[in-house]
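For the protein sequence lines, the chains are A and B, in the order given.
So for the first sequence, this note's numbering puts the first residue at 1; every next one is plus one.
So for the second sequence, this note's numbering puts the first residue at 1; every next one is plus one.
Ideal Cβ placement from N, Cα and C applies to all residues, glycine included.
None of the values given here were measured: they were computed from a predicted structure.
This report refers to the structure that appears directly beneath it.
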Amino acid sequence: MDKLWLRWIPYIGLMLALAACSVQSPSELAPTAAAADVSAAEDPARLSWPEVESSARGVTVNFFMWGGDDNINRYVNEYVAPQVLAQYGITLRQTPVNDIVETVNKLLGEKTEGKLSDGTIDLIWINGENFRTMRQGELLYGPWAENLPNAQYVPWAEPSIANDFGYPVDAYEAPWGRAQFVMIYDSARVADPPKSFADLLEWTQTHPGRFTYPAPPDFTGSVFVRHGFYEVSSGYERLIGPFDETVYADNAGAAWEYFNQLEPYLWREGETYPQTIDQLNQLFANGEADFTMSYNPAFASGAIARGVFPDSVRTYLFDAGTIANTHYVAIPFNATNKAAAMVVANFLQSPQAQIEKAKPEVWGDLPVMAVESLPESDRELLAAIPQGVATLTAEELAANALPELQADWLTRIEEDWQTEVLKP
Amino acid sequence: MANRSVKAIAARRGFILLLFPALIILGGPFLGGLAFGLAQSLGLFSVVDVGGPTLRFYADAVLSSDFLRSLLLTLYIALVSTALATMLSLGLALLLRRSFRGARLVRLLVQLPLPTPHLAAAIGVTLLLTQSGIFARLFYAAGLLAEPSDFPALVYDRGAVGIIVTYVWKELPFITLVALAALRSAGNELEQAARNLGASPWQAFWHVTLPLVAPALIGSATIVFAFAFGAFEVPLLLGQSYPRVLAVEAYMLYQDVDLTVRPGALALNTLIAALTALAVPPYIWLLRQARRAW
Numbered sequence: 001m002d003k004l005w006l007r008w009i010p011y012i013g014l015m016l017a018l019a020a021c022s023v024q025s026p027s028e029l030a031p032t033a034a035a036a037d038v039s040a041a042e043d044p045a046r047l048s049w050p051e052v053e054s055s056a057r058g059v060t061v062n063f064f065m066w067g068g069d070d071n072i073n074r075y076v077n078e079y080v081a082p083q084v085l086a087q088y089g090i091t092l093r094q095t096p097v098n099d100i101v102e103t104v105n106k107l108l109g110e111k112t113e114g115k116l117s118d119g120t121i122d123l124i125w126i127n128g129e130n131f132r133t134m135r136q137g138e139l140l141y142g143p144w145a146e147n148l149p150n151a152q153y154v155p156w157a158e159p160s161i162a163n164d165f166g167y168p169v170d171a172y173e174a175p176w177g178r179a180q181f182v183m184i185y186d187s188a189r190v191a192d193p194p195k196s197f198a199d200l201l202e203w204t205q206t207h208p209g210r211f212t213y214p215a216p217p218d219f220t221g222s223v224f225v226r227h228g229f230y231e232v233s234s235g236y237e238r239l240i241g242p243f244d245e246t247v248y249a250d251n252a253g254a255a256w257e258y259f260n261q262l263e264p265y266l267w268r269e270g271e272t273y274p275q276t277i278d279q280l281n282q283l284f285a286n287g288e289a290d291f292t293m294s295y296n297p298a299f300a301s302g303a304i305a306r307g308v309f310p311d312s313v314r315t316y317l318f319d320a321g322t323i324a325n326t327h328y329v330a331i332p333f334n335a336t337n338k339a340a341a342m343v344v345a346n347f348l349q350s351p352q353a354q355i356e357k358a359k360p361e362v363w364g365d366l367p368v369m370a371v372e373s374l375p376e377s378d379r380e381l382l383a384a385i386p387q388g389v390a391t392l393t394a395e396e397l398a399a400n401a402l403p404e405l406q407a408d409w410l411t412r413i414e415e416d417w418q419t420e421v422l423k424p
Numbered sequence: 001m002a003n004r005s006v007k008a009i010a011a012r013r014g015f016i017l018l019l020f021p022a023l024i025i026l027g028g029p030f031l032g033g034l035a036f037g038l039a040q041s042l043g044l045f046s047v048v049d050v051g052g053p054t055l056r057f058y059a060d061a062v063l064s065s066d067f068l069r070s071l072l073l074t075l076y077i078a079l080v081s082t083a084l085a086t087m088l089s090l091g092l093a094l095l096l097r098r099s100f101r102g103a104r105l106v107r108l109l110v111q112l113p114l115p116t117p118h119l120a121a122a123i124g125v126t127l128l129l130t131q132s133g134i135f136a137r138l139f140y141a142a143g144l145l146a147e148p149s150d151f152p153a154l155v156y157d158r159g160a161v162g163i164i165v166t167y168v169w170k171e172l173p174f175i176t177l178v179a180l181a182a183l184r185s186a187g188n189e190l191e192q193a194a195r196n197l198g199a200s201p202w203q204a205f206w207h208v209t210l211p212l213v214a215p216a217l218i219g220s221a222t223i224v225f226a227f228a229f230g231a232f233e234v235p236l237l238l239g240q241s242y243p244r245v246l247a248v249e250a251y252m253l254y255q256d257v258d259l260t261v262r263p264g265a266l267a268l269n270t271l272i273a274a275l276t277a278l279a280v281p282p283y284i285w286l287l288r289q290a291r292r293a294w
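See below:
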């Protein structure tokens with residue numbers, strides 16, 4: 001009776017052997033992938049554009065993207081999807097995900113398991129450290145993005161387009177839109193919002209418990225912390241470029257001191273932080289916090305239009321400026337329908353789709369096109385878009401835009417925030 | 001004699017052969033996943049080279065200052081929710097065993113949490129218990145609070161109240177149904193006999209009823225404990241930013257953009273599985289004690 005379990009040993013052994021056989025180490029895979037004969041379907045970047053379009057007809061494109069914003073989901077499902085179906089015969093199927101890292105992980109798993117073709121993901125919305133991870137893990141198909149006909153409107157020469165958080169894009173992803181950080185407050189509750197980190201500390205000391213920010217690695221919380229770094233450091237210019245331990249060490253101490261000084265005056269005395277930006281938006285909408293923040297300058301206007309935020313909500317920038325970046329779409333290495341994914345990416349970049357996306361009631365995302373390269377009619381359409389009450393003008397945003405740090409800075413700041421600020 | 005044992009062996013082989021398809025389905029993904037996770041926790045099959053096989057990730061996990069805090073928090077949440085759920089379930093089972101007006105409705109209500117997903121339960125608790133939640137607003141409207149935000153912090157809090165409330169609500173019907181089944185199958189003749197022989201209600205409960213349901217209670221409580229110890233979704237939604245339960249720590253490591261820390265996530269997962277397995281010997285011992293007592 002006691003030794004019954006011994007009988008299982010051969011079977012457990014067999015299972016272990018089976019499990020071991022079904023996975024190959026990445027080093028074993030690499031030569032196979034390189035040696036594989038790549039057909040036109042697998043490398044549509046070699047085809048002419050009419051050939052790409054004709055091979056894309058009747059195909060389904062699975063678009064994996066962050067699904068946390070109803071407006072964005074509506075834009076993709078109710079505008080982009082019907083358009084690409086009507087214009088190119090492509091069925092666009094959106095798969096909303098909570099954090100695109102999950103999708104990057106899924107692709108990593110597929111690469112480890114040796115699933116080199118017939119992947120389930122055709123198009124993926126990414127930028128920043130996820131793009132870097134995917135490039136480093138060789139998880140992306142490319143280069144293709146500069147082949148798109150609508151790439152003519154995209155200012156590829158601009159450093160903020162050609163580099164994604166400081167990492168060279170090399171046409172492995174196509175720009176989709178631009179974002180810039182804004183602070184959001186209710187002018188009915190707060191008369192004079194603090195426009196620097198020094199003022200913010202003072203404000204929280206007189207209004208304890210009314211301010212907080214999402215805990216990094218939340219995307220928005222992370223950029224808020226970087227703004228603090230910029231202001232407290234000896235000038236953000238020194239932080240631009242590849243990660244530098246000495247420069248980091250020179251600046252990190254003062255930054256963590258600042259955030260620890262701020263902590264006791266935060267919501268819940270800084271004992272806990274909102275885990276996500278959605279949670280902070282809820283605290284703001286419920287009146288538990290007096291500020292929220294967004295990477296989308298038009299987010300607040302959209303929320304007012306939907307009745308989530310009161311009409312008195314406004315956005316503002318720090319006096320020192322706020323961080324701006326570009327977001328992109330990319331095609332995974334094992335995508336089944338690469339040609340169709342390229343056609344969708346091209347449509348996303350079209351003046352028509354970009355102008356629709358810029359409307360505040362639709363999404364309010366900043367267009368990725370160089371306005372001067374557009375035909376006169378499109379320029380007029382763009383100028384005619386009414387901005388929401390809470391949205392700052394494109395000129396004001398552009399005049400106060402700060403560059404992003406490279407991904408290595410980001411991850412280091414996020415990590416050290418956990419140890420230096422979050423943990424007691 | 002020899003012939004018979006050969007037959008017996010042949011019969012057993014046939015039996016195992018018949019079981020094989022089921023074993024593959026059960027054992028393949030489970031044991032295969034466990035083995036693959038174990039291998040990855042040792043730094044093997046890693047996406048980026050971390051120089052395995054190595055026990056470094058276990059050492060890092062256990063020696064980090066966060067590990068003890070996480071372990072204590074995890075144990076605290078699992079033990080408190082299991083204890084509360086078990087005690088409440090026993091009371092409920094004793095109550096539901098009798099027939100009274102509306103008993104059917106109560107039984108239906110008790111079963112309501114069973115099909116509710118943990119995520120939905122966690123969101124429900126958020127809506128009710130946050131400082132801008134329904135209770136905070138009701139108390140404020142009733143004039144009991146000066147501000148809704150004066151409501152005590154019951155979610156994302158140090159005491160993990162929100163997490164425990166979710167687990168107790170969710171696991172209550174499971175333990176109750178198991179206990180109720182045990183009570184029903186045992187009948188109430190033994191208790192009546194005890195009462196007839198002069199036992200007080202308390203004595204009858206302590207010496208007769210409780211030992212009758214103890215094995216069922218211990219079994220279901222162990223399952224609840226093992227679940228609460230290893231689950232991550234409710235603490236992820238309702239927990240404090242720091243410290244975090246072991247499963248959430250593992251999840252955060254797994255989601256980290258830095259791929260070199262991923263084996264650490266699997267090392268933590270293996271530790272969680274091993275610690276859960278540690279609950280098996282006390283479970284068997286308790287079960288024996290309970291049977292012996294009866």
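On the criterion of 16 or more Cβ atoms from any shown chain inside 10 Å, does A:Trp-125 qualify as buried, or is it exposed? Taking the first residue of the first sequence as 1, we reach residue 125 of chain A at position 125. Per the 10 Å Cβ criterion, buried.
Closest Cβ-Cβ distance between B:Ala-153 and chain A: below 8 Å? Mapped onto the second sequence, residue 153 of chain B falls at position 153. At least one chain A Cβ lies under 8 Å of B:Ala-153.
Neighbouring residues, chain A, relative to B:Arg-158 (Cβ below 9 Å): On the second sequence, residue 158 of chain B is found 158 positions in, with the first residue counted as 1. Under the 9 Å cutoff, chain A gives Glu-271, Thr-272.
Can you name the residues of chain B whose CB is closer than 8 Å to the CB of A:Ala-215? For this step, residue 215 of chain A is matched to residue 215 along the first sequence. Those within 8 Å of A:Ala-215 in chain B are Ser-241.
Checking the sheet assignment: what are the DSSP bridge partners for B:Thr-270? Position 270 of the second sequence, counting from 1, holds the residue named residue 270 of chain B. Bridge partners of B:Thr-270: none, in fact.
Enumerate in chain order the residues of its own chain whose CB-to-CB distance from B:Thr-82 is below 6 Å, with the five nearest sequence positions on each side excluded. Numbered from its first residue, the second sequence carries residue 82 of chain B at position 82. Contacts found: Ala-221, Val-224, Phe-225.
Along the stretch 216 to 250 of chain A, what residues have a CB closer than 9 Å to any CB found in chain B? Listed in sequence order: Pro-217.
Where do the N-terminal and C-terminal ends of the alpha helix (DSSP H) with A:Gly-221 fall, by residue? Stepping through the first sequence from its first residue, residue 221 of chain A is reached at position 221. Residues 219 to 232.
Interface flag, A:Thr-411 vs chain B, CB-CB below 8 Å: Along the first sequence, one-based indexing puts residue 411 of chain A at 411. Yes, A:Thr-411 counts as interfacial toward chain B.
If we call anything under 8 Å between Cβ atoms a contact, is A:Ile-323 one with A:His-227? Walking along the first sequence from the start, residue 323 of chain A turns up at place 323. Walking along the first sequence from the start, residue 227 of chain A turns up at place 227. Pairing A:Ile-323 with A:His-227 gives a Cβ-Cβ distance under 8 Å.
Sufficient close CB pairs (3 or more, under 8 Å) joining the stretch 50 to 59 of chain A to the stretch 338 to 351 of chain A: Proximity of the stretch 50 to 59 of chain A to the stretch 338 to 351 of chain A meets the contact definition, three or more beta-carbon pairs being nearer than 8 Å.
Distance between B:Val-213 and A:Trp-66 (C-alpha atoms, nearest Å): Here the question's residue 66 of chain A lines up with position 66 in the first sequence. Here the question's residue 213 of chain B lines up with position 213 in the second sequence. Roughly 49 Å between the two C-alpha positions.
Any beta-carbon of chain A closer than 8 Å to the one on B:Gln-131? Counting from one through the second sequence, the residue named residue 131 of chain B turns up at place 131. For B:Gln-131, the answer is yes, since a Cβ of chain A falls inside 8 Å of its Cβ.
Measuring only between beta-carbons, confirm whether A:Arg-135 sits less than 8 Å from chain B. Sequence index remark: in the first sequence, residue 135 of chain A carries index 135 (1-based). Judged by the 8 Å Cβ criterion, A:Arg-135 is not in contact with chain B.
What do you get for A:Asn-434, buried or exposed, if any count of 16 or more other CB atoms within 10 angstroms of its CB means buried? Given that chain A is displayed from residue 1 to residue 424, the structure contains no residue 434 of chain A and the question cannot be resolved.
So, A:Tyr-295 versus A:Ala-179, is the Cβ gap smaller than 8 Å? To locate residue 295 of chain A, count along the first sequence from 1; it is residue 295. To locate residue 179 of chain A, count along the first sequence from 1; it is residue 179. Yes, they are a contact pair.
Contacts that A:Val-101 makes with chain B (C-beta to C-beta distance below 7 Å): Translated into the one-based positions of the first sequence, residue 101 of chain A becomes position 101. What A:Val-101 touches in chain B: Gln-255, Val-257.
Below 8 Å, how does it come out for the stretch 114 to 134 of chain A and the stretch 60 to 78 of chain A: are there three or more Cβ pairs, yes or no? yes
What did DSSP end up calling A:Glu-51 once you bin it into helix, strand or coil? Numbered from its first residue, the first sequence carries residue 51 of chain A at position 51. Helix.
Could you say which of B:Thr-270, B:Gln-289, B:Leu-23, B:Ala-122 lies nearest to B:Tyr-167 if we only look at CA atoms? Residue mapping note: residue 167 of chain B aligns to position 167 of the second sequence, counting from 1. It is B:Ala-122 whose Cα lies nearest to the Cα of B:Tyr-167.
Does A:Lys-446 come within less than 8 Å of chain B when only Cβ atoms are used? With chain A running from 1 to 424 in the structure shown, residue 446 of chain A is simply not present.
Would you please state the rounded distance, in angstroms, between the beta carbons of A:Thr-204 and B:Phe-45? I believe it to be under 8 Å. In the first sequence, counting from the first residue as 1, residue 204 of chain A sits at position 204. In the second sequence, counting from the first residue as 1, residue 45 of chain B sits at position 45. Actually they are not in contact, since the Cβ atoms of A:Thr-204 and B:Phe-45 sit about 47 Å apart, beyond 8 Å.
What do you reckon, are the CB atoms on A:Ala-330 and A:Tyr-172 nearer than 8 Å? Within the first sequence, numbered from 1, the residue matching residue 330 of chain A stands at position 330. Within the first sequence, numbered from 1, the residue matching residue 172 of chain A stands at position 172. Yes, Cβ-Cβ distance for A:Ala-330 and A:Tyr-172 is below 8 Å.
Whole-angstrom C-beta distance between A:Ile-240 and A:Pro-403, which should lie under 8 Å: Against the first sequence, residue 403 of chain A aligns to sequence position 403. Against the first sequence, residue 240 of chain A aligns to sequence position 240. A:Pro-403 to A:Ile-240, Cβ: 6 Å. Contact.
Expected contact under 8 Å - CB spacing of A:Thr-411 and B:Ser-241 to nearest Å: Here residue 411 of chain A corresponds to residue number 411 of the first sequence, with the count starting at 1. Here residue 241 of chain B corresponds to residue number 241 of the second sequence, with the count starting at 1. With a Cβ gap of about 18 Å, A:Thr-411 and B:Ser-241 do not count as contacting.
Coarse secondary structure for B:Phe-151, derived from DSSP in three states: As a position in the second sequence, residue 151 of chain B is number 151, starting the count at 1. In the three-state reduction of the DSSP assignment, B:Phe-151 falls in the coil class, being assigned neither a helical nor a strand state.
Do A:Leu-92 and A:Gly-137 count as a contact pair if the criterion is CB distance below 8 Å? The count along the first sequence starts at 1 and reaches residue 137 of chain A at position 137. The count along the first sequence starts at 1 and reaches residue 92 of chain A at position 92. No, they are not a contact pair.
Interface residues of chain B facing A:Gly-287 [CB-CB closer than 9 Å]: For this step, residue 287 of chain A is matched to residue 287 along the first sequence. Those within 9 Å of A:Gly-287 in chain B are Ser-132, Pro-148, Ser-149.
A:Lys-423 versus chain B: which residues are under 7 Å apart at the beta carbon? Here residue 423 of chain A corresponds to residue number 423 of the first sequence, with the count starting at 1. Within 7 Å Cβ-Cβ: Tyr-242.
CB of B:Leu-90 within 8 Å of CB of B:Ala-179, strictly: Within the second sequence, residue 90 of chain B is the residue found at index 90, counting from 1. Within the second sequence, residue 179 of chain B is the residue found at index 179, counting from 1. Yes, the Cβ-Cβ distance between B:Leu-90 and B:Ala-179 is below 8 Å.
Let me make sure I understand the geometry here. Which of A:Glu-415, A:Gln-261, A:Phe-197 has the alpha-carbon closest to that of B:Val-257? By one-based count along the second sequence, residue 257 of chain B stands at place 257. Nearest option by C-alpha distance: A:Glu-415.
According to DSSP, is A:Ser-294 helix, strand or coil? Counting from 1 along the first sequence, the entry for residue 294 of chain A is found at position 294. Three-state result, A:Ser-294: strand.
Can you pull the chain B neighbours of A:Asn-130, defined as C-beta to C-beta under 9 Å? Translated into the one-based positions of the first sequence, residue 130 of chain A becomes position 130. Identification of chain B residues near A:Asn-130 by a Cβ-Cβ cut-off of 9 Å yields Val-257, ordered along the chain.
Neighbourhood of A:Ser-222 by C-beta, 7 Å cutoff - its chain only, sequence neighbours within 5 removed: Taking the first sequence and counting its residues from 1, one reaches residue 222 of chain A at position 222. Cβ within range, chain order: Pro-216, Leu-410, Glu-414.
I want to see whether chain B comes within less than 8 Å of A:Arg-189, judged by CB atoms only; does it? Along the first sequence, read from residue 1 onward, the residue named residue 189 of chain A stands at position 189. No, no contact with chain B.
Determine the DSSP secondary structure at A:Gly-128, reduced to helix, strand or coil. Position 128 of the first sequence, counted from the first residue, corresponds to residue 128 of chain A. Three-state result, A:Gly-128: coil.
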